[in-house]
Amino acid sequence: MTLFTEPAERAKAMGIFGFVASGGGSIGVLLGGVLTDVLSWQWIFLVNIPVGVAVVVLSLRLLPTVPGIRAEGRLDIAGAVTVTSALMLAVYAIVNGNENGWTSGRTIGLLGAAAVLLALFVGIESRVRSPLMPLGLFKLRNVAVSNVVGVLWAGAMFAWFFLSALYLQLVLGYSPLEVGLAFLPGNLIMGALSVGLSARLVMRFGIKLPLAAGLLLAGVGLLLFARAPVDGSFVVDVLPGMILLGMGAGIAFNPVLLAAMSDVEPSEAGLASGVVNTSFMMGGALGLAVLASLAAARTDSLLAAGEDELAALAGGYHVAFAVGAVFAIAAAVIGAVLLHPSTAPTSENAHGEAASEPRPEAA
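Be aware that the sequence shown starts at 272, since it is given in my numbering, and climbs by one per residue.
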């Protein structure tokens with residue numbers, strides 16, 4: 272993103288990035304369905320090894336060196352280990368909370384250990400020369416707000432993607448390939464809007480309106496899934512929600528990243544967007560754990576009340592989708608209320624100074 276310093280160029284670049292990401296998602300879900308049907312589910316993980324190697328090799332050969340970007344400094348291994356360990360322990364505790372008991376010593380101990388590791392991570396980030404997540408960036412309002420929005424939105428979307436696939440397979444009886452095909456319309460719509468409409472909306476209305484509109488559309492799509500019946504049809508009960516979620520993601524994804532980059536110097540834009548992407552991953556993992564646990568708890572209670580298995584599964588997914596909709600709508604409100612209009616960054620809001628002397632609006 273440091274290659275594009277003009278707002279229009281950066282918005283278009285982010286649109287292309289969103290288009291490529293959604294295109295990869297479309298190929299991924301289809302390929303995953305084919306591999307699962309033809310070979311086995313293990314291949315959806317194994318296929319990522321050659322893809323990852325190819326990405327590393329091509330990145331080293333093709334990505335340009337950008338003037339002004341720091342190349343010195345060591346990898347923040349301690350920070351990566353502590354935050355990853357904290358996230359793993361928290362997710363494990365949440366996923367197994369229903370089985371172990373939320374007040375059991377094991378659950379409380381795991382969550383306590385995760386909290387200690389997270390505090391240790393914050394301490395490390397405040398001291399190392401090249402932190403994985405520079406804490407000074409969070410003194411800038413747009414950076415902080417976009418990260419909160421990213422956590423909530425990713426929590427809703429990751430859980431929806433996982434649980435809706437289970438709904439299609441376990442409740443409606445779709446094959447893995449049919450599940451992949453079911454996600455295709457939403458991914459295509461997301462890609463089309465990312466590369467076309469989203470950038471124009473940002474240039475016309477700024478960041479706040481497209482962000483809020485996209486997240487509200489996603490929230491409505493999740494609410495539609497929260498009422499999907501046991502005997503639902505694709506056209507009536509699945510496709511409308513898929514379309515709204517694809518539209519919402521296509522419109523809102525770029526403004527989230529652009530909001531984070533609007534408060535920093537061009538040389539720090541890549542760092543700011545990287546921090547938001549990190550928050551996306553963390554929010555997605557935690558959100559999936561929380562909403563999957565809610566779904567499992569609701570399913571267990573319905574089974575205990577005498578509901579049949581399919582109705583109980585659908586009822587559990589309904590709760591998760593409804594809470595995910597609350598996450599998305601809350602993210603829309605937070606972004607609309609707390610983000611300030613983007614302005615071209617100056618030397619006064621550089622990352623180095625922001626860490627010690629935040630601007631008034633960033634407080």
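Note that the Cβ used here is the ideal one computed from N, Cα and C, for glycine as well.
At which residues does the alpha helix (DSSP H) containing residue i begin and terminate?
i: L360; result: 348-366
i: G485; result: 479-496
i: L589; result: Note on residue identity: the sequence assigns His, not Leu, to residue 589. First-last of the alpha helix (DSSP H) with H589: 580-609.
i: V324; result: 319-333
i: V527; result: 510-532
i: G457; result: 447-466
i: F505; result: Segment: none, F505 is in no alpha helix (DSSP H) and carries neither H nor E.
i: F432; result: 412-437
i: A386; result: 376-396
So, is residue i buried or exposed, given that buried needs 16 or more other C-beta atoms within 10 angstroms?
i: W312; result: exposed
i: G339; result: Confidence at G339 is low in this model, with a pLDDT of 48, below 50, so the placement of that residue should be treated as unreliable; the coordinate-derived value is given next. Classification for G339: exposed.
i: D579; result: exposed
i: G558; result: buried
i: F476; result: exposed
i: S446; result: exposed
i: E396; result: buried
i: S417; result: buried
i: T378; result: buried
i: R332; result: exposed
i: E370; result: exposed
i: G368; result: buried
i: S564; result: buried
i: V547; result: buried
i: G457; result: buried
i: S330; result: exposed
Just to check my reading of the structure: residue i and residue j have Cβ atoms closer than 8 Å, yes? What is that Cβ distance to the nearest angstrom?
i: W424; j: A566; result: With 8 Å as the limit, W424 and A566 do not qualify as a contact, their Cβ atoms being about 19 Å apart.
i: G350; j: P405; result: Not a contact, Cβ separation roughly 10 Å.
i: G248; j: L486; result: As shown, the chain starts at 272 and ends at 634. That puts residue 248 outside it, with no answer to give.
i: V442; j: L581; result: 6 Å
Express the C-alpha separation of residue j and residue i in angstroms, rounding to a whole number.
i: A591; j: A483; result: 22 Å
i: V420; j: V309; result: 39 Å
i: L388; j: G323; result: 28 Å
i: I315; j: L302; result: 8 Å
i: G503; j: L494; result: 15 Å
i: L515; j: L480; result: 17 Å
i: I522; j: V422; result: 17 Å
i: G512; j: A489; result: 8 Å
i: A415; j: G545; result: 13 Å
i: T509; j: L455; result: It is Val, not Thr, that sits at residue 509 in the sequence shown. V509 and L455: Cα-Cα distance of roughly 12 Å.
i: V327; j: V318; result: 15 Å
i: V608; j: D534; result: 17 Å
i: L464; j: A575; result: 44 Å
i: A626; j: F409; result: With a pLDDT of only 39 at A626, under 50, the local geometry of the prediction cannot be trusted, and no value is derived from it.
i: G376; j: V561; result: 19 Å
i: I460; j: M518; result: 6 Å
i: R498; j: Y588; result: 9 Å
i: G394; j: G380; result: 21 Å
i: A390; j: T355; result: 13 Å
i: T549; j: E539; result: 15 Å
i: V352; j: L542; result: 19 Å
i: L448; j: I298; result: 12 Å
i: R412; j: R400; result: 23 Å
i: S572; j: F524; result: 36 Å
i: H611; j: F551; result: 21 Å
i: W373; j: A364; result: 9 Å
i: R345; j: G577; result: 58 Å
i: S435; j: G462; result: 20 Å
i: G407; j: R398; result: 12 Å
Measuring alpha carbon to alpha carbon, tell me which of the options ends up nearest residue i.
i: T307; options: L562, A576, Q440; result: Q440
i: F392; options: A583, D347, A599, L434; result: D347
i: G586; options: V597, L437, L510, V326; result: L437
i: T570; options: V594, A583, L542; result: A583
i: A593; options: A530, F496, S564; result: F496
i: V366; options: V399, Y588, A568; result: A568
i: V466; options: L411, V362, P526; result: P526
i: W431; options: G304, G555, I298; result: G555
i: F429; options: I320, H611, L529, A599; result: A599
i: A384; options: V352, L360, V604; result: L360
i: V473; options: R400, L382, L529; result: L529
i: F505; options: G451, A470, V547, S469; result: G451
i: A386; options: L411, R400, G372, L358; result: L358
i: L468; options: A520, V501, G426, F433; result: A520
i: G304; options: L329, R345, A453, W373; result: A453
i: G444; options: L382, G577, A364, V501; result: V501
i: M553; options: G577, G407, R345, A427; result: A427
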